[in-house]
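Before any comments, here is the structure.
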Amino acid sequence: MSEIETLEQEALTAIDGAADEAALEEVRVETLGKKGTISAQMKTLGQMSDEERKVAGPALNGLKARVNDAITARRDVLKREALNARLASETVDVTLPGRADPLSKGRIHPISQVMDEITAIFADMGFTVAEGPDIETDYYNFTALNFPEGHPAREMHDTFFLQPDADGTRKVLRTHTSPVQIRTMEVQEPPIRIVIPGKTYRQDSDATHSAMFHQLEGLVIDKSTNIANLKWTLLEFCKAFFEVDALDMRFRPSFFPFTEPSLEVDIQCDRSGGEVKLGEGSDWMEILGSGMVHPNVLRNCGLDPDVYQGFAWGIGIDRIAMLKYGMPDLRPFFEADQRWIDQYGFRPLDMPTLLGGLSQ
Amino acid sequence: MKFTLSWLKDHLETDASLELICDTLTMIGLEVEGVDDRAAFKPFVIAEVLTAERHPDADKLQVLSVNTGTGAPVQVVCGAPNARAGMKGAFAPPGAYVPGIDVTLSVGNIRGVESHGMMCSERELELSDAHDGIIDLPDDAPVGEPYANWAGLADPVIEIGITPNRPDALGVAGIAADLAAAGLGTVKTPDVPAIEGEGSCPVSIDLSAAGDFAPAFGLRLVAGVTNGPAPDWMQRRLIAIGLRPISALVDITNYVTFDRGRPLHVFDAAKVHGNLAVRPAKDGEAFTGLDEKDYTLSSAQYVIADDDGAESLAGIMGGASSGVDETTTDVLVESALWDPLIIARTGRDLGILTDARYRFERGVDPAFMEPGLDLATQLVMDLCGGTPSEKTIAGTVPQPDLTIDFPLSETQRLTGVAVDKARASEILTALGFGVTDKGERLDVAVPGTRPDVHGKADIVEEIMRINGVNAIEPQPLPALTSVGKPILTTGQTRTRNARRTLASRGMSETVLYSFIPRDHAEHFGGGAQALSLVNPIASDMSDMRPSLLPSLLAAAKRNVDRGAHDLAIFEVSHAYRGDQAEDQHRVAAGIRRGTARLETSGRNWDGTAKAVDTFDAKDDCLAVLAACGMDPNKVQIEAGGPDWLHRGRSGTVKLGPKVVLGHFGEIHPATLELMDVTGPLVGFEVMLDAIPAPKRKGKTSKGALTLSALQPVKRDFAFVLDRSVPAATVLRAAAGADKKLITNVAVFDLFEGASLGENAKSLAIEVTLQPTAKSLTDEEIDVVSAKVVTNVEKSTGGQLRG
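Those sequence lines, one after another, are chains L and X. Mapping the first sequence onto the working numbering, position 184 (from 1) lands on 184, and the numbers just tick up by one. Mapping the second sequence onto the working numbering, position 677 (from 1) lands on 677, and the numbers just tick up by one.
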């Protein structure tokens with residue numbers, strides 16, 4: 001074996017045997033370093049004749065390159081091994097709970113969510129959203145809506161009254177969102193298509209009634225809208241809101257002072273198993289009141305009932321929220337019990353849209 | 001309004017099933033609220049007592065052998081004193097539910113003797129209060145037959161909801177007429193023959209003081225009556241609809257009230273002294289009603305009075321002093337008309353709701369006043385005997401005088417379905433309207449039974465409900481002809497943005513009552529008389545809230561009491577400054593308690609979260625403002641806030657000197673004490689309506705972005721300052737050193753310690769210089785730095801920390 005072969009053999013063995021990068025560096029210094037074995041051989045080239053150098057030069061350079069390559073390759077291996085060893089020692093228990101992010105904890109109240117759902121549907125039908133005050137005058141809450149003074153229909157409303165002012169008139173907490181119909185018709189020329197979500201108040205409290213609740217009023221006024229349109233609008237709304245392809249609805253004659261003719265609307269449901277199931281079964285559940293706006297109401301707003309016509313409806317937002325999302329009792333809606341909010345609340349980024357679906 | 005099927009069939013000839021009748025009632029506007037098909041009576045059969053022996057081990061019990069009509073006789077232990085061999089009664093077998101004792105029977109063992117069922121009393125079947133013994137049936141009662149069938153108790157009871165516009169349906173006859181109009185049979189309500197009577201009525205009626213309250217009044221004496229119990233058929237019907245039989249005379253008035261919607265009253269003639277007059281009550285006049293309660297009347301209320309005083313609260317309730325009883329021999333029968341509004345007001349003011357008031361305030365048919373008197377008279381003669389006098393009629397029965405000019409096209413205009421002249425006329429005639437053909441129009445005369453019908457729309461409703469609402473096919477509203485425009489107002493958008501922003505900050509939305517306890521309202525700057533409820537549902541729900549914070553703090557207390565200590569909740573709703581529409585304003589408010597911070601809360605393997613502090617509330621507050629279009633860099637933060645916040649740890653967010661956008665901070669300890677909740681608790685409120693309206697709509701450009709290619713330079717400074725110097729002053733002074741070059745100033749350290757001396761603090765800031773044209777030289781940087789130091793020192797009195 002030539003001297004070069006011996007050198008190479010020794011170098012490669014040392015490289016293979018280097019346990020870590022530091023040991024490998026030692027081998028490099030011992031072989032290719034200034035005083036290394038291969039460097040020493042390189043220095044002998046200067047004393048050689050041209051002939052000798054022609055042979056020994058390439059041989060030594062080849063040796064140097066091969067050893068260098070072997071060191072580089074070995075270094076990569078050692079680096080990778082060292083990294084693997086480090087990673088193996090750097091474990092965490094990923095099953096430990098993370099830090100809950102605010103987005104995962106915050107919740108939107110079902111009433112707000114349902115109002116956003118309703119708004120999405122009616123926006124698509126060309127309605128705008130109107131509002132009005134909770135504290136109303138007797139005129140807007142009753143008189144303008146064709147509730148005659150002393151009429152039994154007034155009593156059915158279980159009205160909250162505020163303390164009378166100096167001249168004895170007393171304001172009321174609105175018993176329905178219908179006053180906003182008047183406020184809108186007073187200032188807006190038909191055609192009108194509005195929905196009015198808001199708080200309403202009645203002196204009444206049990207599992208399905210609360211002293212404060214939420215209503216959605218709807219109003220369409222133009223020169224042609226009739227009960228056939230009313231039926232279509234409410235049918236489409238209910239299908240969209242409850243996210244069902246078909247829903248049996250029952251329209252039956254009823255009475256409200258501010259509509260004539262008046263209709264109450266029931267939806268098909270099954271109450272046989274404790275929980276109310278929509279769209280099946282043979283029971284009916286009343287969900288809203290509606291009708292053609294009473295001629296007196298139109299007159300009270302300065303509209304000629306022989307020219308203008310249209311319909312109005314009122315639906316309990318809390319009630320349809322209860323129905324849609326399986327909430328059996330109304331009272332906890334207003335109790336802010338964190339456990340209830342956790343169960344029934346909605347995630348803040350689950351914004352209801354028609355394009356993405358109301359509920360996800 | 002309740003009635004039985006057989007009662008209905010007294011007025012309606014029909015083959016229709018119960019189900020069809022009920023469905024039809026609902027679809028013509030008389031909503032069926034409940035049907036009792038009397039299945040509860042099914043288990044009870046007529047049985048015969050074969051033998052009755054003394055119980056071997058009990059003096060008061062007997063052991064009966066009972067033939068129930070099927071199989072061998074059964075052994076029954078019975079405690080009724082009237083149980084005896086040979087009698088017939090109502091037997092309940094094991095498994096039967098006995099309503100009067102609320103027990104489902106099983107085979108019992110009573111003092112060592114097995115009992116296989118029960119012989120029932122009337123009370124046990126809820127037929128009456130009688131419980132002296134078991135039901136004792138006549139000998140011809142058929143053993144084995146269902147008792148209810150034989151006794152006429154299997155008559156289904158229908159309950160319908162009557163809307164205030166349908167006084168005509170407050171009598172069974174009116175309901176039958178409606179069903180007949182809807183095609184369910186023919187009306188067979190018997191005509192009421194007029195009764196002449198003998199001799200004049202000895203008691204006269206004076207309406208001179210009654211004003212408009214009593215248009216007409218009919219009265220008649222029936223002499224020589226015997227007032228025993230009403231016959232079984234009448235009692236059964238009254239019981240079925242929930243009335244208690246009293247005596248024949250009283251039951252007759254109740255029966256006619258429900259049969260014809262015609263309330264009546266009967267006086268014991270022996271207890272009426274002198275003539276009767278309808279007059280306003282005297283202020284403070286005492287009256288004892290048939291309900292045995294004492295009422296104090298006012299001059300706004302009307303009575304029927306004799307020489308002794310008020311004998312009846314007219315149209316609402318008779319008086320105790322002249323009521324009939326079993327000793328009554330001469331009876332005065334009253335059928336009158338009263339003003340609906342005064343009846344309603346009187347009943348409401350006195351808190352009396354009777355079947356009479358209910359009908360009079362909705363309107364009774366004037367035309368039936370006299371027939372009602374005759375019908376009652378006939379029933380008195382039939383059931384109690386006696387001789388009627390002639391009737392005396394005071395006042396004048398008003399005649400219906402409303403005729404509506406009805407264009408036939410109106411039905412289509414309002415409902416979308418055309419109903420032709422023949423059909424419309426048929427419906428209206430069947431409902432009792434007078435119809436005159438005027439070509440394309442009808443003259444429709446409104447009968448006295450329908451005081452609710454005033455105009456064309458009411459006629460459309462009548463035609464629609466009888467022709468069928470289901471005949472109206474849904475028709476789409478005209479669709480939009482362009483892409484929809486935004487439909488929310490700025491306020492609505494802010495409300496939505498505030499909600500989702502706060503929820504995305506880990507807070508839970510609440511919806512809380514608008515009314516709060518008075519002391520809470522006062523504490524939060526409210527409690528004005530104008531915002532106080534006259535009739536709150538509870539004393540702690542009495543005042544409209546001036547702020548949302550008291551509601552949230554009360555909610556926090558409830559949660560803390562349940563063991564939820566870390567809480568982040570908010571509400572976006574209205575608060576009330578006064579009772580005018582513009583006093584109602586939108587507020588976003590939230591509170592954080594315990595360790596419910598934005599980043600994390602509670603205990604964690606990685607360390608326990610810090611308690612919430614003022615800056616958590618400040619961040620929430622500014623986040624809401626940003627979400628509502630208000631740049632938080634443009635607002636001013638002033639120290640201090642409203643009284644319910646900690647004076648030294650609260651701030652007010654302002655826009656200019658006047659506009660208050662909100663406030664934030666620690667809740668004042670005194671407020672926590674009042675609200676009975678413990679901290680740490682911080683909160684904020686943002687007045688959403690106070691945020692300036694967004695500038696010019698349609699301006700969507702955000703402007704071009706010029707980015708510098710040059711590296712920014714950062715320099716740190718620390719100043720020793722008096723503790724009272726606001727950081728904002730330091731930041732403003734530093735930024736003012738070179739408004740072009742300095743793009744950001746940030747606080748990166750605050751140190752307060754004894755080493756600095758009392759009332760001193762060290763505030764460290766990082767100033768960012770952003771060159772635009774060329775890199776800065778050291779000299780240029782030094783000039784700006786020196787200016788920063790000078791500016792801060794000058795405006796704060798502090799010194800650069802050495």
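Think of the CB as a built atom: it goes at the ideal place given N, C-alpha and C, for glycine as much as any other residue. In this text the structure is predicted, and so the values were computed from the model without any measurement.
Checklist line | Rounded straight-line distance, which links the Cα of Leu173 (chain L) to that of Val129 (chain L) | finding: Looking up residue 129 (chain L) in the first sequence gives position 129. Looking up residue 173 (chain L) in the first sequence gives position 173. Approximately 21 angstroms, taken between the alpha carbons.
Check: Beta-carbon of Tyr513 (chain X) versus every beta-carbon of chain L: anything under 9 angstroms?
Finding: As a working note, residue 513 (chain X) is residue 513 in the second sequence. Proximity of Tyr513 (chain X) to chain L, defined by a Cβ-Cβ separation below 9 angstroms, is satisfied.
Check: For Asp119 (chain X), which of helix, strand or coil comes out of DSSP?
Finding: Along the second sequence, read from residue 1 onward, the residue named residue 119 (chain X) stands at position 119. The amino acid at residue 119 (chain X) is misidentified as Asp; the sequence shows Met. Of the three classes helix, strand and coil, the one that applies to Met119 (chain X) here is strand, per DSSP.
Margin query: Whole angstroms are fine: how far does the CA of Ala223 (chain X) sit from the CA of Ser200 (chain X)?
Written below: Here residue 200 (chain X) refers to the residue found at position 200 of the second sequence. Here residue 223 (chain X) refers to the residue found at position 223 of the second sequence. Rounded to the nearest angstrom, the gap between the Cα atoms of Ser200 (chain X) and Ala223 (chain X) is 12 angstroms.
Note to self: By the DSSP assignment, the alpha helix (DSSP H) with Leu20 (chain X) in it spans what residues?
What the structure shows: Counted from its first residue, the second sequence places residue 20 (chain X) at position 20. Where Leu20 (chain X) is concerned, the enclosing alpha helix (DSSP H) stretches over 18-27.
Note to self: Less than 9 angstroms between the beta carbons of Ile227 (chain L) and Thr614 (chain X), yes or no?
What the structure shows: Taking the first residue of the first sequence as 1, we reach residue 227 (chain L) at position 227. Taking the first residue of the second sequence as 1, we reach residue 614 (chain X) at position 614. At a Cβ-Cβ threshold of 9 angstroms, Ile227 (chain L) and Thr614 (chain X) do not count as neighbours.
Checklist line | Minimum Cβ-Cβ distance from Tyr302 (chain X) to chain L less than 9 angstroms | finding: One-based indexing of the second sequence puts residue 302 (chain X) at position 302. Not an interface residue.
Next item on the list: Could you tell me whether any Cβ in chain L is nearer than 9 angstroms to the Cβ of Ile316 (chain X)?
Entry: Numbered from its first residue, the second sequence carries residue 316 (chain X) at position 316. When Cβ-Cβ separations below 9 angstroms define contact, Ile316 (chain X) makes no contact with chain L.
Note to self: Suppose contacts are defined by Cβ-Cβ distances below 9 angstroms. Is Asp23 (chain X) in contact with Glu159 (chain X) by that definition?
What the structure shows: By 1-based counting over the second sequence, the position of residue 23 (chain X) is 23. By 1-based counting over the second sequence, the position of residue 159 (chain X) is 159. In this structure, Asp23 (chain X) lies away from Glu159 (chain X), with their beta-carbon atoms at least 9 angstroms apart.
Item checked: Neighbourhood of Gly284 (chain X) by C-beta, 7 angstroms cutoff - its chain only, sequence neighbours within 5 removed -> The residue given as residue 284 (chain X) occupies position 284 in the second sequence. Within the same chain, Gly284 (chain X) has close Cβ partners Thr296.
Note to self: Taking only three categories from DSSP, how would you classify Glu48 (chain X)?
What the structure shows: Numbered from 1 along the second sequence, position 48 holds the residue referred to as residue 48 (chain X). Residue state, collapsed to three classes: strand.
Item checked: Beta-carbon neighbours of Thr449 (chain X), restricted to chain L and to distances below 7 angstroms -> By one-based count along the second sequence, residue 449 (chain X) stands at place 449. Within chain L, no residue comes near Thr449 (chain X); the closest Cβ sits about 16 angstroms away, beyond 7 angstroms.
Notebook entry, point to check: Do Pro43 (chain X) and Gly95 (chain X) have their CB atoms nearer than 9 angstroms?
Noted result: One-based indexing of the second sequence puts residue 43 (chain X) at position 43. One-based indexing of the second sequence puts residue 95 (chain X) at position 95. Yes, the Cβ-Cβ distance between Pro43 (chain X) and Gly95 (chain X) is below 9 angstroms.
Next item on the list: Leaving aside the five residues before and after Pro371 (chain X) along the sequence, list all residues of the same chain whose C-beta is less than 6 angstroms from its C-beta, in chain order.
Entry: Taking the first residue of the second sequence as 1, we reach residue 371 (chain X) at position 371. Only residues of its own chain outside the window of five on either side were considered, and among them Val192 have a CB closer than 6 angstroms to the CB of Pro371 (chain X), listed in chain order.
Item checked: Alpha-carbon to alpha-carbon, Thr353 (chain L) and Arg500 (chain X) -> What you label residue 500 (chain X) is simply residue 500 of the second sequence in a count that begins at 1. What you label residue 353 (chain L) is simply residue 353 of the first sequence in a count that begins at 1. So the alpha carbons of these two residues sit roughly 15 angstroms apart.
Notebook entry, point to check: How would you write the range of the beta strand (DSSP E) that Ala336 (chain X) sits in, first residue to last?
Noted result: Position 336 of the second sequence, counting from 1, holds the residue named residue 336 (chain X). Following the DSSP letters along the chain, one finds Ala336 (chain X) inside the beta strand (DSSP E) bounded by residues 330-337.
Check: Which chain X residues sit within Cβ distance under 8 angstroms of Ala14 (chain L)?
Finding: Translated into positions along the first sequence, residue 14 (chain L) becomes position 14. Within chain X, no residue has its beta carbon less than 8 angstroms from that of Ala14 (chain L); the closest one is some 48 angstroms off.
Margin query: Counting only Cβ-Cβ distances shorter than 8 angstroms, please list the residues of the segment 147-174 of chain X near chain L, keeping chain order.
Written below: Residues of the segment 147-174 of chain X with a Cβ closer than 8 angstroms to any Cβ of chain L, in chain order: Thr163, Pro164, Asn165, Arg166.
Item checked: Beta-bridge pairing of Met292 (chain L) - partner residues as DSSP gives them -> What you label residue 292 (chain L) is simply residue 292 of the first sequence in a count that begins at 1. According to DSSP, Met292 (chain L) bridges with L:Phe311.
Item checked: 9 angstroms Cβ cut-off: residues of chain X touching Lys79 (chain L) -> Residue 79 (chain L) sits at position 79 when you count from the first residue of the first sequence. By Cβ distance, chain X contributes nothing, its closest Cβ being about 32 angstroms from Lys79 (chain L), past 9 angstroms.
Notebook entry, point to check: Along the chain, where does the beta strand (DSSP E) that runs through Gly651 (chain X) open and close?
Noted result: Your numbering for residue 651 (chain X) matches position 651 in the second sequence. Membership of Gly651 (chain X) in the beta strand (DSSP E) is indicated by the continuous run 645-655.
Next item on the list: At 8 angstroms on the CB atoms, spell out the chain L contacts of Thr346 (chain X), in chain order.
Entry: Looking up residue 346 (chain X) in the second sequence gives position 346. Proximity of chain L to Thr346 (chain X) at the Cβ level (cut-off 8 angstroms) is not reached, the minimal Cβ distance being about 11 angstroms.
Notebook entry, point to check: Using 8 angstroms as the threshold, is the segment 246-264 of chain X in touch with the segment 164-173 of chain X, meaning 3 or more CB pairs across them?
Noted result: Verdict: yes, contact present.
Notebook entry, point to check: Based on the DSSP secondary-structure assignment, which residues constitute the bridge partners of Tyr201 (chain L)?
Noted result: On the first sequence, residue 201 (chain L) is found 201 positions in, with the first residue counted as 1. Bridge partners of Tyr201 (chain L): L:Met212.
Note to self: Nearest by alpha-carbon distance to Ala773 (chain X): which of X:Asp129, X:Leu741, X:Gly185 is it?
What the structure shows: Here residue 773 (chain X) refers to the residue found at position 773 of the second sequence. Selected option, being the one with the closest Cα: X:Leu741.
Next item on the list: Spell out a yes or no on whether the segment 712-722 of chain X and the segment 755-770 of chain X are touching, meaning 3 or more CB-CB pairs, one atom from each, closer than 8 angstroms.
Entry: Segments in contact, yes.
Margin query: Against Glu335 (chain L), what residues of chain X qualify as contacts under a CB-to-CB distance less than 9 angstroms, listed in chain order?
Written below: Sequence index remark: in the first sequence, residue 335 (chain L) carries index 335 (1-based). Within chain X, the residues Thr510, Leu512, Ala555, Arg558 have their CB atoms less than 9 angstroms from the CB of Glu335 (chain L), given in chain order.
Checklist line | Where the alpha helix (DSSP H) containing Gly346 (chain L) begins and where it ends | finding: Here the question's residue 346 (chain L) lines up with position 346 in the first sequence. According to the sequence displayed, residue 346 (chain L) carries Phe and not Gly. Segment: none, Phe346 (chain L) is in no alpha helix (DSSP H) and carries neither H nor E.
Check: Does the distance from the C-beta atom of His574 (chain X) to that of Leu674 (chain X) stay below 9 angstroms?
Finding: Within the second sequence, the letter at position 574 stands for residue 574 (chain X). Within the second sequence, the letter at position 674 stands for residue 674 (chain X). No, the pair does not count as a contact, with Cβ atoms beyond the cut-off.
Checklist line | Backbone secondary structure at Ser49 (chain L) - three-state DSSP | finding: Working through the first sequence from its first residue, we reach residue 49 (chain L) at position 49. Of the three classes helix, strand and coil, the one that applies to Ser49 (chain L) here is coil, per DSSP.
Check: Taking one C-beta from the segment 324-343 of chain L and one from the segment 482-489 of chain X each time, how about it: are there three or more such pairs within less than 8 angstroms?
Finding: Touching, no, given that fewer than three Cβ pairs across the two stretches are closer than 8 angstroms.
Next item on the list: Could you spell out where the alpha helix (DSSP H) holding Pro280 (chain X) opens and where it closes?
Entry: The sequence position of residue 280 (chain X) within the second sequence is 280, counting from 1. Here Pro280 (chain X) belongs to no alpha helix (DSSP H); instead the beta strand (DSSP E) covers 276-280.
Note to self: Quick check: the Cα distance between Ser254 (chain L) and Ile466 (chain X), rounded to an integer number of angstroms?
What the structure shows: Numbered from its first residue, the first sequence carries residue 254 (chain L) at position 254. Numbered from its first residue, the second sequence carries residue 466 (chain X) at position 466. Computed Cα separation, rounded: 12 angstroms.
Item checked: chain X contact for His294 (chain L) (CB, 9 angstroms cutoff) -> Start at 1 with the first residue of the first sequence, and residue 294 (chain L) comes out as number 294. Using a CB distance cut-off of 9 angstroms, His294 (chain L) counts as an interface residue toward chain X.
Checklist line | Cβ neighbour criterion (16 or more within 10 Å) applied to His646 (chain X) | finding: Against the second sequence, residue 646 (chain X) aligns to sequence position 646. So His646 (chain X) ends up on the buried side.
Notebook entry, point to check: What number of angstroms, rounded off, separates the C-alpha of Ala709 (chain X) from the C-alpha of His109 (chain L)?
Noted result: The sequence position of residue 709 (chain X) within the second sequence is 709, counting from 1. The sequence position of residue 109 (chain L) within the first sequence is 109, counting from 1. Using only the alpha carbons, I get a separation of about 48 angstroms.
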